[in-house]
Each structure stands twice: as C-alpha cells, then as structure tokens.
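Below you'll find the structure, written out as structure tokens, and then a few comments.
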Amino acid sequence: MAMQDINQGKNTTTHTYQGLGPSLLMPTWLMIGIFLVLPVLMMLVYSFLTKEFRGGVIWEFSLNAYDQFIFDRGLFGDDPPKMEWTYIGIFWRSILQAGIATLLCLLIGFPTAWFIATRVGNSKSIWLFLITIPYWVNLLIRTISMKFLIRENGPANEFMMSIGLIDAPLQMINTNFAVQLGLFYSYLPFMVLPIYASVERYNFSLSEAAADLYSSQWVTLRKIIIPTVKPGIIAGCILVFVPSLGAFLAPDLLGGAKSFMIGSLIEDQFGGQAGNWPFGAAVSMILLSMVLIVLTFYARLQSRRAS
Amino acid sequence: MNAKIDIRRFPGFSFATYLCLFLLYTPLIIVMIYSFNDSKSIMLWGGFSFRWYEDVFWGLEAPKFKQAAINSLSIAIGAAVTATTIALSAAVAMLRAGHFRGKGASLGLISLPLMVPEIVTAVATLIFFSAIGFASGHATILVAHIVFCIPFAYLPIAARMQGIEASYEQAAQDLYATRFETFRLVLLPLVLPGVISGFLLAFIISLDDFIITNFVKGAGIETLPTAIFGSVKQGIKPNIMAISTLMLLVSVVIVTLSYFANRSGQGKK
Amino acid sequence: MKFSTKIATAFFTLLVFAMPAHSAGKLSIYHWFEYIPQELLDKFAAEHDVEVTMDTFDSNEAMLAVLKAGKMGSYDVAVPGDYMVEIMNKDGMLDTFESSELSNFDNMMPEWVDVGFDPGRKSSIPYQWGSTAFSVNPAVYTGDINTWSLMFDPPAELQGKINVLDSQGDILAMAAIYLGIPQCSSDRSELKALNDLLQSAKVHWASFASDSAKDKLVSGDVAASMVWNGVAARARQEGAPVTYAYPKEGYVVWMDNVVLLKDAPNRENAIKFMNFLLDPINAAAVTNFAQYTAGVKGVGPLLSEQVKNSPELNPPALPVGTFVEACTEEVQKVYDTIWLNLKK
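Protein chains in written order, with this note's numbering: chain A, 3 to 309; chain B, 24 to 292; chain C, -3 to 340.
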C-alpha cells in the first residue's frame, strides 16, 4: 500500500536528525498508544465481564458474551446448549455483502483505473481528481443521497418508469441490493487508486511483446496484465472489503431490518435497547480479529513477493 | 492483426469509466437539485427556490445546526492541527533520523487507525473513556479524532518529504545551521505543501466522521453528521438536503485546495 | 528534545482550549424524539436564561440502557413512561423533590398524582399520556381493523407490509393482551406461547422502527404500523390514508413523565423546567404539537380544533386500555431473551 511505498523509497537514509527519532515519535506513540491500543485492550477485558441486568457491566469474569455468540440455551437459559446460528449468520451475511460490494468495485474499478492510467499528460490527474472527489464528501451525506435516489417513489424509479424501462417502481430500498450498492458507492475510490498506481508502473512493452506474438488483447489482459498488476488489485480489494465488513451507515440507512450486519449488531449493544456491553465488546473483538487475519495474510503475501 | 492496434485500449473500458463517474455523481447531483425544491414534500417538484437554505440559516432548527457546525469546525481544526503536528514530527523521525529501535513498529502504529475498523475504534474508545471515568464531551471527540487523523496527515507529508533531497539540509548544516534552524529554514518550507495537504485531509476526515463521534459524544453535544443522522432517522427532510449540499460544496472546495497545495512546486519535476 | 517538548506543549494547550467552558445556566434533557416543539424549548431558554440541550431516544429500554451505561450524571431530566419510572426508581436512578419546590404542583390532574409508579409524585411530573395500538390503510385491508390479529396473525393483504414499534415494553405487553394472558406471567407455558406468537408473527413484519413509523405510513412504504396515537394522528394529517384501530382485545395506555435524574448537573434548572411544563399554556403547546393528552388542569380551552376532535385522541368507552407492567427480574430476563429472539 501507499504507506509502504513511501517508506521503501530511496531517500530515506538521511540522518539530519540522527538520534532524535524516538523523541520525535513520542507524540505518535503516546497518542495512538493511549487512545487506541489501550482502548482495544480494555475492550478485550470488557468482553470477559458480566452484563448487569438492564445494561451496564459488573467487574466479574464471565464467558457469557462469547457463550451467547456461539450457543443457544433456550428461552429459560437451562436447555442443553445448541449451536446458535444467528450471529454467525450475521457475520456470514456481512462477509457476503462486503464480498459482493468488493466484486462490484473491482468490475467497475479495474477498467476505470486502467482507463485513467492510460490517459496522457494533464487529463490523467483531472480524471483521478474526479474519481476521488466523491470520497471526500461526507459518507453520511453520500449514503443519504443514495437512500433518496433509490427510494420507492424516488428519482431513480421515476426516471426508469418515464422512459418505459419498468412499469411499476422497483423495490430497491431495504434490500440486500441497496446495501451492496451503498457499500460499492462508499468505497469505490479505494479500489481505483491502488489499481491505478499498479497500472502506472506497468511496462507496456510486455503488452507489445504479447501483441507481436499474436496474443489477442483479452488473452494479454488475462495472462499478462492482470498477473502483473495483481498487487494493486489485492490492495484495492482489501481496502474495500475491510471497511465494508464493519460498515454501519449503509446497512442502517439503506438495508432495513432484514439486512442486519456486524456494524448494526455492535451499535445495538451500545446505543440501542440491547445494552449489552460485554457482548458488543466480544463481537467487536471477533470482527477485529477477522480483519487482522486478512491483513496479516496480505502482509505475508507482500513479503513473499518482495523476497 | 498487426501492431497498429492500441495496446493501451480495451473496448468498454472507457464506458466503465463514464459509468463509474455517473454512479458516483448522480446521487449527489440529484440531492443538490432537490435542495432547491420549493415543496414541503421531498417527492414532488414544486419549482425552484432557496427556501430550504433560508430554513437552514434562519429557520426553527437553525440554532441547533449552527451549534453543531461550530462544534464540527472547532473539533476539526483542533484535531487537524494536532494530528498534522504529530504527523510532521513522526515523518521527520521516519525519514530524516536514520535508523533506530522501534522504527518498523512505529510505521505499524501510525497506520493502525487505518486498519482497525471504525466501529471497533468507536467501541474501544467509548469503553476506555467510560472505564477511566472520563466524562464524554467535546474533549473525548477531539482526542478520538486526533487519533484517526494522524495517518491521513502523515501520508502526504511523508510523500512530500521523501521527494526532497537531503543535499539541501546537508548544505545548511555545512554552513553551521543548527538542526532546528535546518528544520525551520530548509526542510519545513520545502515540505510545506505536504503539510498543508495533510492538514486539509485531516480536517476533512474529522469533519466527515460519524460513527466514532456518535459513540463518544457527550450529552447534548452534536456535530453536523450526528445532527443530520438524528434528523434523517425520522425521514429525509428538504432542509437536510440543503445542509448536505452546503457540506458537499465545502468538502469539494477543501479537497480542491489540498490538491493544488500538493501540486504546487512539483513543476520542477 | 527541545523540539518534541514544544510539540507536546502545543498539543496540551490545544486540548485545554478545546475543553468547553462550564457555564452555570444549563439544562440537559433526555427526551423522546419529536415530542416537544422547539419553540417551547426556546421559550424556556429565554425565560430563565438557560442554555438548553436535548438528546433523543426512541424507546424506554434504549433510554434505560444508555443511562445505565455511563450517562447518569450528564442529563438533568428524562422522560420515561410509567413502568419505566418504576424500574428507574427501584434502581435508585431518580432524585426526589418536595411538592413545595414546584409552584405549579397543584396544576397536576388529581388522577395523575397518586399513581402506582410514583405515589404522590416525589420524582416525576406527568407529561403526556396516550395509547399504543396500530394504524391501517383501509384501502389495502377492507375488513374489520379493530383486532390485534391484524398485527400478530395478519391477513394476506397486510403480510410483509407491516411496521412495528422498536419497543420491547409495548410489543410484549400487546402480545400478552392478544393472547389473553397476564403480563409478566412467570408461567413457563405462557412465556413459551408468547415467544411462539412473536416468532410466527415476525415473518410478516417488514421492519422494526419507531422513529420512522410516521414516514413509512406517509410515504406508503407500509400499509399498517404499530404506532402511538399521536403519531397516528400526525401521520394522517400529513396525508397517510390510515385509520387508527382500537382493538377489541384491549390496547396499551401509557403516561410519559418528566423525571428528575439522580446526580443531575443542573438540578435547579431541572426543577424550573418541570414547573414550566406544569403551566397549562406550555402543556397545551406540547399537546398541540405531539397530539397526545396532557396531565395538567386547564389545558382544554387552549387546544387546537384539530386536536380536540381527532379520533386518535378520543377513544371509545370500550375497549379499555391497560398499562404496561414492570416485570420481576426473573421474568424480565426471559422477556429479554424473547425480545432477542424476535430481533434476530
């Protein structure tokens, strides 16, 4: 990713401030250490605490939060434990939704990135700029805009009806499709930018060589271009998939009750009626672990490629 | 089949790009158009008017949104200034201080806020402040914002600093400039476009945040996104579209500024 | 070293600057959404030179969870319903006041003073009361609407077009009313029946939403929705083609109350605010806005015609409404599980 590129650059061996490194980094360490690392550890602790009846926590060790995630003990809590599929189901739905959104982003994002990277001169940066602007517009506002656009009697349906594409309004809002569309819309630029960076570095003489050997364009794309720009594709997929997995706004505003995702589940434990902090902490911990696994896997892949 | 075919061109790719732009911009443009709708119902078009903009600034809810805007702006400025300072200091350490213990881990730490899902950061921060008994309010929002703004401020600064050759600073030191003077008179002016760009990105990221703010905000404190979210819960109202349009324009202006800040001085290349 | 010290100093200075200054004249309210007109808050703020802030919730249970999870001490007053006042009182979350502290204390309607959930009104004042039932679009379902079977065993016309309130207390009480079993029963087979009823009903429910219930009815997203009577009235006035039902099995009545919270940071202003709300002019302003019924004497003549004659505010003599009961901890835990099962 960009961060690594920057620090693997050539001019990093400047020593003007030799010896000051640790003290210059102290604010970063303090800030992120105290207000992010420590809180995550605290969250881990909370996931093992006891829920107070009606909200709040008691400082007593308990595995209830994780137990609730995995086992169904019946209405009165004394049935033999059965497997609880609800929460695993919510995770599975989230993975699926995030996966579909990632795929949509890739399908549109790859050609877009390629198209932009093959522009010449100034127009390239203008194209890039046009693609990135929406990302900087408030995510909430973008999601609201999408909600407005695709509602039952909204402009999208009206337009399609006026040109005779459909007879009756399509049910788009409050469906899984709406959530996928929302996630796609939220994170599309994350797909375009890394792929763009990869295509920029692509050596076009490879394509020329392939063409000289009578390879068709599509074969070149599949056999040469895609393998070469794969690091960008993988980075883009991760950048879209990870935030989609924990998204809250898109499922909440576009999805309705039936499209509950991890983010909504967690939010309900803190802001909603559930009021179950240990369970919310446990679900957050599980989500974080999943993300870290994906990222570790990615880092492994990177270092293997580098060696 | 000869070499005349353009190896850079694939049929349909330009269509995908236009589709991409269409999908990205249509919802925003529609909301902008409807914000000028002179109708109480958001579904019917009742002619062009500025009434919802008047409502935003002088209507019944105006004080609420004004306060939310003040909160949003003051937090964004505080968070962006702090995060940019921290990020600049970190960039000097990472790119100008040679090798030292913990350098690799530091890079991981700087990028940590990007890797932890937002909702997890929100939960963790809420739990942390609640566990240490720190009453949530402006300060909790500010601290949380500083943390996730650091990587966004760091990226453009580091990118810029990397492109500056060390010979300028070496020359300054050869002329007996102290290290602080070298920084202030040589490195800082050169890296300034990156700093400005980083500041603006951090500013906009702070302004943008909803989830973390929603978790850590104190009683009665709203930022623009949380106020808008609260209002939208009961259905999209026309005044929300007017506010959205205004915020959208602010974002676009700031990003454009950041873009030009970053490009300025790169002409030499 | 010098440099990093400077940065650290700058940073902490900023933190200090960003802290809000604490002024004395404040009032922090935790209220239901869309339940008090902004003009009234502005009026109170102007009359008493107090800066008023308000956060909103959309169910009694959510309010309780948020307060218990560390928000006690940041709000002065909240507006729980009857059974929730009892729960909060038992949990020691309420402060008490003397009736002499409120010059308008005697404005309360006598029947709302000695209430079971706060006998003699030591911690709360009546805000508004109303009913919970449902509204139906009679064009979609043409049969008799005055039965809970429309919600819990809906006819084909309504299936998949129903929104219900995202409120545990209301839904479980109404399910018990429909089944004809006592609320908060600890009988296992009755609890099981309650769970089964809700499980079979929820496949026909499109959404759980309180805050957007009105919008859903107005926009036609759903053909029926569980609602409070005031929301039903406002939805109808905003163009939703719906009728409010008075189910023959009975329905829920409730009274919302302004309570003085323990550790209120601005107790004095909270008392002033409660007194303010007991003034018939102000109580009438709330009623004219939210369209429920005030618990204060002398409001009648101040009401708008539309509120006076609204069918949602004038229930027939029969059936009668029932209050939601506060369950014992043992039963409440099963209720929580039933609710969890419902929301899965």
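In this text, a Cβ means the ideal position worked out from N, Cα and C, and glycines have one as well.
Applying the criterion that 16 or more other CB atoms from any shown protein chain within 10 Å of the CB defines a buried residue, is Val262 of chain B buried or exposed?
-> Sequence check: residue 262 of chain B is Asn here, not Val. So Asn262 of chain B ends up on the buried side.
Buried or exposed (CB count within 10 angstroms, at least 16 for buried), Leu167 of chain A = exposed
Residue range of the unbroken beta strand (DSSP E) whose run includes His168 of chain B = Careful: His168 of chain B lies outside any beta strand (DSSP E), inside the alpha helix (DSSP H) at 161 to 185.
C-beta atoms of Ile30 of chain B and Thr148 of chain B nearer than 8 Å | no
How would you write the range of the beta strand (DSSP E) that Leu23 of chain C sits in, first residue to last?
-> 22 to 28
Chain B contacts from the segment 40 to 55 of chain C (Cβ-Cβ distance under 7 Å) | Thr49, Met50, Asp51, Thr52
In terms of alpha-carbon separation, which member of C:Leu168, C:Val249, C:Met222 lies closest to Gln328 of chain C?
-> C:Leu168
Inter-stretch contact (C-beta, 8 Å, three-pair minimum) for the segment 164 to 176 of chain B and the segment 99 to 117 of chain B = yes
Specify, as a first and last residue, the run of the alpha helix (DSSP H) that Ala225 of chain B falls within.
-> 211 to 231
Check the Cβ of Val293 of chain A against every Cβ in chain B and list those closer than 9 Å, keeping chain order.
-> Met138, Val139, Pro140, Val143
Verify the CB distance criterion: does Met45 of chain A have a CB-CB separation below 8 Å to chain B?
-> yes
Considering only residues of the same chain and omitting the five flanking positions on each side of Phe150 of chain A, which have a CB-CB separation below 8 Å?
-> Gly156, Pro157
Just how far apart, CA to CA, sit Phe88 of chain B and Leu175 of chain C?
-> 46 Å
Taking C-beta to C-beta, are Phe71 of chain A and Ala284 of chain A nearer than 8 Å?
-> yes
Chain A partners of Ile98 of chain B, CB-CB under 9 Å?
-> In chain order: nothing, as chain A lies at least about 14 Å away.
Kindly indicate which three-state DSSP category Val59 of chain A falls into: helix, strand or coil?
-> strand
Identify, in the order they occur along the chain, each residue of the same chain with its Cβ nearer than 6 Å to the Cβ of Leu106 of chain A, setting aside the five sequence neighbours on each side.
-> Phe186
Is there at least one Cβ from chain C nearer than 8 Å to Gly131 of chain B's Cβ?
-> no
Buried or exposed by the 16-neighbour rule on C-beta atoms within 10 Å, applied to Ala194 of chain B | exposed
Quick one: does Phe250 of chain A have its CB under 8 Å from some CB of chain C?
-> no
Determine the burial state of Ser70 of chain C: buried for a count of at least 16 other Cβ atoms within 10 Å of its Cβ, exposed for fewer.
-> buried
Along chain C, in chain order, which residues have C-beta atoms closer than 7 Å to that of Gly243 of chain B?
-> Ser24, Thr49, Met50, Asp51
Leaving out five residues on either side along the sequence, give the residues of the same chain with a beta carbon under 8 Å from the beta carbon of Gly101 of chain A.
-> Phe243
Compare the C-alpha of Leu215 of chain B against each of B:Ala92, B:His161, B:Met117, B:Ile180 and name the closest.
-> B:Ile180
What residues of chain C sit near Phe73 of chain A, judged by a beta carbon separation below 9 Å?
-> Result: empty, since nearest Cβ-Cβ is about 13 Å, beyond 9 Å.
Rank B:Gly217, B:Val255, B:Phe283, B:Val239 by C-alpha distance to the C-alpha of Leu256 of chain A and give the top, closest one.
-> B:Val255
Tyr204 of chain A to Leu224 of chain B span [Cα, whole Å] | 29 Å
Answer yes if the segment 228 to 240 of chain A comes into contact with the segment 293 to 312 of chain C, meaning at least three C-beta pairs across the two stretches below 8 Å, and no otherwise.
-> no
Ala85 of chain B - containing alpha helix (DSSP H), residue span = 85 to 119
Could you please give the first and the last residue of the uninterrupted beta strand (DSSP E) stretch that includes Lys256 of chain B?
-> Lys256 of chain B -> no beta strand (DSSP E), and no H or E assigned at all.
Three or more beta-carbon pairs under 8 Å between the segment 178 to 193 of chain C and the segment 72 to 88 of chain A, yes or no?
-> yes
Alpha carbon to alpha carbon, what distance is there between Ile235 of chain A and Ala250 of chain B?
-> 37 Å
Where in the segment 173 to 261 of chain C do unbroken runs of the beta strand (DSSP E), each at least 3 residues long, occur, reported from the N-terminal end onward?
-> 201 to 204, 220 to 224, 247 to 256
Given that a residue counts as buried once 16 or more other Cβ atoms are within 10 Å of its Cβ, and exposed if not, what is Ser96 of chain C?
-> exposed
Proximity below 8 Å, CB of Ser49 of chain A to CB of Ala67 of chain A = yes
According to the neighbour-count rule (16 or more other Cβ atoms, all chains shown, within 10 Å of its Cβ), is Trp87 of chain A buried or exposed?
-> exposed
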